[in-house]
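When we follow the numbering used here, the leftmost residue of the sequence shown carries the number 8, and every step to the right adds one. Every residue, glycine too, gets a C-beta built ideally from N, C-alpha and C. This one's a predicted model, so the numbers in the text were calculated from it and none came from an experiment.
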Amino acid sequence: MPNDVAIKHVSFSGRLLMLGCGSIGQGVLPLLLRHIDMPKENISILTSDHRGSAVAKSFGITEEILAVTRENYRDVLTARLAEGDFLLNLSVDISSVALIKLCRELGVLYLDTCIEPWAGGYTDLSLTPSQRSNYALRESALALMDDPKATTAVIAHGANPGLVSHFVKQALLNLAHDTGADATIPATREGWGKLAQSLGVKVIHIAERDTQVANVAKQGGEFVNTWSIDGFIGEGCQPAELGWGTHEKTLPADGAHHEFGCDAAIYLQRPGASTRVRTWTPMEGPFHGFLITHNEAISIADYFTLGDKNTVSYRPTVHYAYHPCDDAVLSIHELAGKNWEMQPAQRLMQDEIISGVDELGVLLMGHAKGAYWYGSQLSIEDARALCPHNNATSLQVTAAVLGGVIWAIENPAVGVVEADALNHARVLEIALPYLGTMAGEYSSWTPLVERGVLFAEDVDATDPWQFKNFRVV
8 MPNDVAIKHV SFSGRLLMLG CGSIGQGVLP LLLRHIDMPK ENISILTSDH RGSAVAKSFG
68 ITEEILAVTR ENYRDVLTAR LAEGDFLLNL SVDISSVALI KLCRELGVLY LDTCIEPWAG
128 GYTDLSLTPS QRSNYALRES ALALMDDPKA TTAVIAHGAN PGLVSHFVKQ ALLNLAHDTG
188 ADATIPATRE GWGKLAQSLG VKVIHIAERD TQVANVAKQG GEFVNTWSID GFIGEGCQPA
248 ELGWGTHEKT LPADGAHHEF GCDAAIYLQR PGASTRVRTW TPMEGPFHGF LITHNEAISI
308 ADYFTLGDKN TVSYRPTVHY AYHPCDDAVL SIHELAGKNW EMQPAQRLMQ DEIISGVDEL
368 GVLLMGHAKG AYWYGSQLSI EDARALCPHN NATSLQVTAA VLGGVIWAIE NPAVGVVEAD
428 ALNHARVLEI ALPYLGTMAG EYSSWTPLVE RGVLFAEDVD ATDPWQFKNF RVV
């Protein structure tokens with residue numbers, strides 16, 4: 008193990024209860040033990056199945072199998088948490104808002120990797136597409152920001168959402184330095200917005216290409232992925248969503264604004280897993296990614312907005328553009344063909360992975376140098392060498408979870424916070440040793456490159472950064 012991933016970053020005297028122990032819970036457990044100075048017996052796991060039992064047992068961590076539901080969550084958690092403890096929520100189908108409210112009552116620190124509804128919330132047909140969107144889930148969590156001195160609750164802090172918000176800030180500083188602009192770290196949210204505006208950033212993609220390959224092929228009736236299958240299908244079936252920039256001229260034909268909240272984003276009347284967009288990463292070059300809804304597409308656009316809701320002077324367009332591993336792409340095609348009914352079998356790729364890289368970063372476009380991608384290029388070989396029970400995808404998430412947990416311990420009374428409001432330098436200091444090669448690369452690529460070769464297309468050659476130029480129908 009390299010020396011730079013063997014230090015204790017913080018001490019914690021409370022108990023830490025991990026809720027859920029799937030791929031991320033299993034992968035983050037060795038990082039918590041490695042980098043937080045606390046008694047091992049103070050860590051416990053509460054989960055609904057035995058997926059993580061072998062890993063928990065190997066580290067001597069107590070695991071309890073018990074499903075947490077809308078009916079029992081208060082009794083179950085109140086019996087296991089007290090003031091000064093930490094609830095690390097890595098579950099699905101348990102309301103994040105309900106957990107945050109309870110943690111605030113108890114004086115318990117909190118972190119999750121995404122804002123979850125109760126089971127069925129992603130596809131509840133009694134709700135409108137707007138009401139079952141990530142935008143709506145985020146607004147429900149932001150409503151808890153009424154007390155900025157309450158016990159800290161870090162929301163939506165995995166790799167993305169989470170880590171990529173810190174990538175954006177570092178990418179802006181790199182771009183400022185490389186263009187001769189003022190690269191002083193802004194001290195306020197408005198300062199960050201002014202920096203992005205002054206640099207001419209119009210569009211930010213969270214551009215990810217996963218090339219991990221297993222020695223076992225996907226079978227019919229099986230969903231295969233390198234991270235949470237339940238989580239991926241849930242967000243893939245939500246409406247496609249994106250932060251909506253001030254440079255955009257017209258809404259997409261099936262696009263709509265929400266009728267509540269910050270108004271920093273729009274949604275499309277279709278699942279994200281059926282919507283493709285053009286994007287670019289250094290290793291892959293140009294490719295089509297799925298426009299999967301994610302909290303960061305909304306939070307980054309909102310964070311960098313200048314002006315108030317009625318007089319916005321600047322906001323970038325922000326969205327996720329995701330090409331998962333090839334077996335997951337096949338799984339999505341099969342899922343869509345079955346009218347979004349999950350396959351009867353699921354397989355999380357782990358030990359059977361034989362090669363590949365997860366290339367996860369942010370692509371900033373529209374500025375003087377064209378396009379700039381900054382992010383992590385982590386191979387399966389490096390991931391396994393750095394931390395057990397991880398693949399390249401999960402380690403990018405678990406390193407970010409570790410950074411968020413440590414930040415919360417160091418800042419225990421700031422209320423509900425998103426990744427965008429955290430000290431990006433501190434989180435990156437903790438996570439970077441686990442992210443493989445950190446690359447920053449400029450490109451002349453635009454979404455208009457080689458468009459209209461086979462067939463004429465309705466694109467605006469004078470402005471390649473409009474969303475209509477990104478979308479593949």
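- Task: Indicate the three-state DSSP secondary structure (helix, strand or coil) for Leu73 in the structure shown.
- Result: Under the three-state reduction of DSSP output, Leu73 falls in the coil class, being neither helix nor strand.
- Expressed to the nearest angstrom, what Euclidean distance is found between the alpha-carbon atoms of Gly2 and Leu180? Since the first residue shown for the chain is 8 and the last is 480, residue 2 is missing from the structure and cannot be characterised.
- Message: Using only the alpha-carbon positions, how far apart do Pro351 and Glu229 sit?
- Response: Whole-angstrom Cα-Cα distance: 7 Å.
- Can you name the start and end residues of the alpha helix (DSSP H) that Asp185 belongs to? First-last of the alpha helix (DSSP H) with Asp185: 170-185.
- Message: Using 8 Å for Cβ pairs, my map puts Gly252 next to Pro323. What's the rounded Cβ distance?
- Response: Contact holds; Cβ gap of about 5 Å.
- So, is Lys209 buried or exposed, given that buried needs 16 or more other C-beta atoms within 10 angstroms? So Lys209 ends up on the buried side.
- For the segment 152-159 against the segment 251-266, are there 3 or more C-beta pairs whose distance is under 8 Å? The segment 152-159 and the segment 251-266 do not touch, with fewer than 3 CB-CB distances between them shorter than 8 Å.
- Rank Lys47, Asp237, Thr120, Lys225 by C-alpha distance to the C-alpha of Trp347 and give the top, closest one. Of all alpha-carbon atoms in Lys47, Asp237, Thr120, Lys225, the one lying nearest the alpha-carbon of Trp347 is that of Asp237.
- Report back the beta-carbon spacing between Asp365 and Gln219 to the nearest angstrom; my notes put them in contact at under 8 Å. For a cut-off of 8 Å, the C-beta gap from Asp365 to Gln219 is around 7 Å, short enough to register as a contact.
- Using the Cα positions of Phe93 and Asp467, report the straight-line distance between them to the nearest angstrom. One C-alpha to the other measures close to 51 Å.
- Can you tell which of Thr312, Ala415, Val421, Ser450 has the C-alpha that lies nearest to the C-alpha of Val325? Nearest C-alpha to Val325: Thr312.
- Query: Between the C-alpha atoms of Thr453 and Gly32, what's the straight-line distance to the nearest angstrom?
  - Reply: Counting only the Cα atoms, Gly32 lies some 38 Å from Thr453.
- If you pair each beta-carbon of the segment 69-86 with each one of the segment 109-127, do three or more pairs fall below 8 Å? With a cut-off of 8 Å, the segment 109-127 and the segment 69-86 count as touching, because enough Cβ pairs lie within range.
- Task: Let me know the secondary structure DSSP gives His42 once reduced to three states.
- Result: Here His42 sits in helix by DSSP.
- Tell me which same chain residues have a C-beta within less than 6 Å of the C-beta of Asp334, skipping the five on either side of it? Excluding residues within five positions, the ones whose Cβ falls inside 6 Å are Lys225, Val231.
- Message: I'd like the list of long-range same chain contacts for Leu355, defined as Cβ closer than 7 Å, with 5 residues on each side in sequence excluded.
- Response: These residues qualify, in order along the chain: Ser30, Asn232, Ile236.
- Query: Can you tell me where the alpha helix (DSSP H) with Asn123 in it begins and where it stops?
  - Reply: Correcting the residue type first, residue 123 is Glu in the shown sequence and not Asn. Looking at the DSSP string, Glu123 is not in any alpha helix (DSSP H), and its letter there is neither H nor E.
- Task: Following the continuous alpha helix (DSSP H) through Glu242, name the residue where it begins and the one where it ends.
- Result: Glu242 -> alpha helix (DSSP H) spans 236-244.
- Mind reading off the beta-carbon distance from Asn49 to Leu23? Whole number of angstroms is fine, and I expect it under 8 Å. About 6 Å separates the two Cβ atoms, so the contact holds.
- Name the residue from Pro419, Ala105, Leu402, Val423 whose alpha carbon lies nearest to the alpha carbon of Pro37. Among Pro419, Ala105, Leu402, Val423, the Cα nearest to that of Pro37 is on Leu402.
- Message: In the DSSP assignment, the beta strand (DSSP E) including Tyr441 goes from what residue to what residue?
- Response: Unbroken run through Tyr441: none, as it is neither H nor E.
- Task: Determine the direct distance from the alpha carbon of Gly34 to that of Lys64, and round the result to whole angstroms.
- Result: A direct Cα-to-Cα measurement between Lys64 and Gly34 gives close to 14 Å.
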